[in-house]
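Going by the numbering used here, the first residue of the sequence shown is number 162, and it counts up by one from there.
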Amino acid sequence: EWTSMYPGFAKTARDEGFNEIAAVFEAIAVAEKQHEKRYLNLAKNIDKGIVFKRDGSVVWRCRNCGYLHKGTDAPELCPACAHARAHFELLGENY
């Protein structure tokens, strides 16, 4: 999408005199490039069997209730809200 579809839309818009719309399509392409990178990294983690397992201790966060678990594996169930392991992600403190 980011390599051809949105740039193509942007070119068409620009050729037709819609420069602001072209800029929006170009901005969407930037976001789609990041989506692809994220997807490919997740697919690699699935193939390696490490989506919910790490070599060293990390902090896992339940996306439903915010419970934090420290360990090499995400829990099977959240002890606070009983949501499944699929609701856990690595804690990201990027604020």
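Built from N, CA and C at the ideal position, the CB exists for glycine as well. Owing to the predicted nature of the structure, the values given are computational and were not obtained by experimental measurement.
- Annotated three-state conformation of His230 is strand, per DSSP.
- In this model, Lys194 and Arg215 are separated by some 26 Å (Cα to Cα).
- The C-alpha of Glu197 is placed about 27 Å away from the C-alpha of Asp176.
- Residue burial is scored here from C-beta neighbours: Tyr167 has at least 16 other C-beta atoms within 10 angstroms and is therefore classed as buried.
- Cβ contact annotation for Ile189 (same chain, cutoff 6 Å, sequence separation greater than five): Tyr167, in chain order.
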